[in-house]
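Per full-length UniProt numbering, the very first residue in the sequence shown carries number 1; after that it's consecutive. Below is one structure; the comments refer to it alone.
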Amino acid sequence: MEALRCEHLTRAFRGRCVVDDVSLALEPGDIYGLVGRNGAGKSTLLKVLAGYLAPTAGTVAVGGEVLGPCQTSAHLGCLIEHPAVNPGLTGFQNVMVRALAQGLPNPKAEVAEVMEAVGLEAVAGHVARGYSLGMKQRLGLALALIGRPDVLLLDEPFNGLDPEGVRQVRCLLADLALQRGCAVLVSSHVLDQLERLVTRYGVLREGRLVAQMTAQEVEEACTDYLCVEVAEAPRALAMLEQALPEAVFTMMPDDAIRVAGATADTVGDALLAANVSVRGLYTHTRDIEDYFVDLMGGAGPVRGAPGGAAGSETVTCASSFTEPSKDGDPRA
């Protein structure tokens with residue numbers, strides 16, 4: 001059974017479509033990285049999935065159960081934007097309040113377990129007001145983990161964490177997915193951290209999910225071509241085309257030979273057999289950041305939500321809907 005599914009999910013604010021006809025599904029154990037520029041609609045999408053915002057159109061199902069508008073699920077654990085922390089309580093007390101609200105049978109032990117899991121056991125008795133940004137982020141993650149949810153929705157969970165904290169959270173999420181089958185949907189602009197963690201990617205662009213792919217597919221897309229640098233390029237090219245007819249060879253402007261459809265070992269062996277002097281033989285790898293920037297549709301981040309000022313032309317969603325009358329501004 002799928003852990004999470006949304007179909008044709010749409011959310012509009014005052015005529016502007018912030019989440020536009022998004023459909024995706026997570027299986028147990030998936031770690032799904034949601035990538036998008038600032039203002040692409042990532043946070044709004046997670047809020048609708050969590051039940052914090054009602055969708056304008058579309059459905060959300062958790063564990064096969066279709067949720068109603070603004071309906072939350074006990075199977076969901078969420079960390080979206082700023083953690084809901086009471087600054088006057090200790091870290092332990094903050095999580096205990098959540099545990100008691102969920103009616104957990106052994107709340108004290110559960111709270112101690114999640115505080116240790118997020119690395120806050122040493123400061124669990126400290127008042128949250130004195131927590132650093134990174135500690136508050138860890139506390140928010142502890143709040144999301146209480147009750148052992150089947151699905152985690154995490155919006156920029158690495159914000160404020162030092163390198164050791166990032167490593168610890170990354171290992172924790174990987175362990176939850178592998179050992180407990182927890183499905184994780186995580187949005188982040190830190191592509192390096194997603195690259196080390198996720199099993200699948202989704203690219204959000206102006207509210208639309210423009211691409212979905214596995215981590216393996218991204219790796220293959222970023223491995224662009226094999227490049228050969230030789231002393232006698234024309235002779236080497238003719239020899240390679242004859243020796244390896246199934247491969248494709250292209251002479252580059254700098255006289256390097258671009259190879260597709262053959263491995264470095266095969267090309268190297270062919271050149272060696274023909275007594276061709278090789279200056280360089282390497283794989284030209286496309287940078288993952290460049291790859292996603294291309295998919296996201298621009299070279300730089302957009303700060304704030306896109307769109308015109310008041311009175312500008314209305315943006316219409318791809319899907320049909322009836323817009324709610326009064327809503328706050330989107331925060332994507």
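Note that the Cβ used here is the ideal one computed from N, Cα and C, for glycine as well.
Three-pair Cβ contact test at 8 Å for the segment 64-82 versus the segment 30-48: yes
T199 versus E220 - alpha carbon distance: Rounded to whole angstroms, T199 to E220 spans 14 Å at the Cα level.
N106 burial status per 10 Å Cβ neighbour count (16 or more: buried): exposed
Cross-strand partners of residue 356 (DSSP beta bridge): Lying outside 1 to 332, the shown extent of the chain, residue 356 is not represented and no answer is given.
Residue from G202, Y52, S23 with nearest C-alpha to V293: G202
The segment 258-272 in contact with the segment 215-233 per 3-pair CB rule at 8 Å: yes
Neighbourhood of D255 by C-beta distance below 7 Å, restricted to the same chain and skipping five residues each side: A233
Residue nearest to residue 366 in terms of C-alpha spacing, selected from Q242, L141, A243, G207: With the chain running from 1 to 332 in the structure shown, residue 366 is simply not present.
Inside the segment 37-87 only - beta strand (DSSP E) runs reaching at least 3 residues: 57-62, 65-67, 76-79
Spatial neighbours of L260 in its chain, beta-carbon cut-off 6 Å, leaving aside the 5 residues before and after: First, the residue type needs correcting, since residue 260 is Ala and not Leu in the sequence shown. Contacts found: Y225, V248.
Three-state secondary structure assigned by DSSP to V114: helix
C-beta contact flag for G29 and G147 at 8 Å: Judged by their CB atoms, G29 and G147 are not nearer to each other than the 8 Å cut-off.
Extent of the continuous beta strand (DSSP E) to which C17 belongs: 16-26
Cβ contact (3+ pairs, closer than 8 Å) linking the segment 90-104 and the segment 154-164: no
Reduced DSSP secondary structure (H/G/I, E/B, other) of E2: If DSSP states are grouped into helix, strand and coil, E2 belongs with coil.
C-alpha distance - T263 paired with L191, whole-angstrom precision: 28 Å
Burial state of M239, where buried means 16 or more other Cβ atoms lie within 10 Å: buried
Start-end ranges of the beta strand (DSSP E) lying completely within the segment 167-238, minimum 3 residues: For the segment 167-238, the continuous beta strand (DSSP E) assignments of 3+ residues that do not extend past its boundaries occur at 183-187, 200-205, 208-214, 223-230, in sequence order.
Any 3 or more C-beta pairs closer than 8 Å across the segment 136-144 and the segment 83-95: Verdict: yes, contact present.
Pair within 8 Å by beta-carbon distance, V151 and Q193: no
Reduced DSSP category for I288 - H, G, I as helix; E, B as strand; rest coil: In the three-state DSSP reduction, I288 falls in the helix class (H, G or I).
Coil, strand or helix - L271 by DSSP: helix
Enclosing beta strand (DSSP E) for V35 [first to last residue]: 31-35
Euclidean distance between Cα positions of G297 and G64: 34 Å
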